[in-house]
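Trainee: Right, I'll just put the structure down here and ask away after.
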């Protein structure tokens with residue numbers, strides 16, 4: 001990844017009158033946050049790691065529907081999302097039935 005920045009005319013004038021021309025960007029939290037955002041945006045979706053919520057959702061659906069967890073689900077956002085999309089409706093129906101039975105038993 002390469003970053004490029006060109007000083008504006010005003011910045012060039014200001015740089016000429018400064019005593020210090022080295023700036024440690026590690027000392028600026030805003031820069032670090034922006035850099036993280038840029039890096040994350042540059043990662044292709046198929047290589048983006050899934051969120052903890054996506055991983056937990058896949059694990060819950062697989063457990064509740066007695067399914068085998070997809071291969072590399074903890075490393076692939078695409079794999080997680082495909083699994084969730086494929087089984088979400090079945091899982092929601094199962095949960096609706098379960099919650100209805102549970103509700104009837106508690107009456």
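In UniProt numbering, the protein residues as written are 1 to 107.
The beta carbon of each residue, even a glycine, is placed where N, CA and C say it ideally should be.
1. Less than 7 Å between the C-beta atoms of residue 77 and residue 48, yes or no?
2. So residue 91 and residue 61 are supposed to be a Cβ contact under 8 Å. How far apart are they, rounded?
3. Mind checking whether residue 80 and residue 54 have CB atoms under 7 Å apart?
4. I'd like the list of long-range same chain contacts for residue 39, defined as Cβ closer than 8 Å, with 5 residues on each side in sequence excluded.
5. Could you check what DSSP says for residue 64 in three-state terms: helix, strand or coil?
6. Skipping 5 residues on each side, what residues in its chain have a beta carbon closer than 8 Å to that of residue 68?
7. Check residue 95 in the structure and name its three-state DSSP category.
8. Could you tell me how far apart the beta carbons of residue 50 and residue 74 are, in whole angstroms, since I believe they sit closer than 8 Å?
9. Could you give the C-beta distance for residue 21 and residue 15, rounded to a whole number, given that I count them as a contact under 8 Å?
10. What's the C-alpha gap between residue 86 and residue 27?
11. Please specify which runs of the alpha helix (DSSP H), each continuous and at least 4 residues long, are wholly inside the stretch 3-39, giving them in chain order.
Mentor: In short, the structure shows the following:
1. yes
2. 5 Å
3. Taking a C-beta distance under 7 Å as the contact criterion, residue 80 and residue 54 qualify as a contact pair.
4. 1
5. helix
6. 62
7. Taken through DSSP and simplified to helix, strand or coil, residue 95 comes out as helix.
8. 7 Å
9. 6 Å
10. 45 Å
11. 9-16
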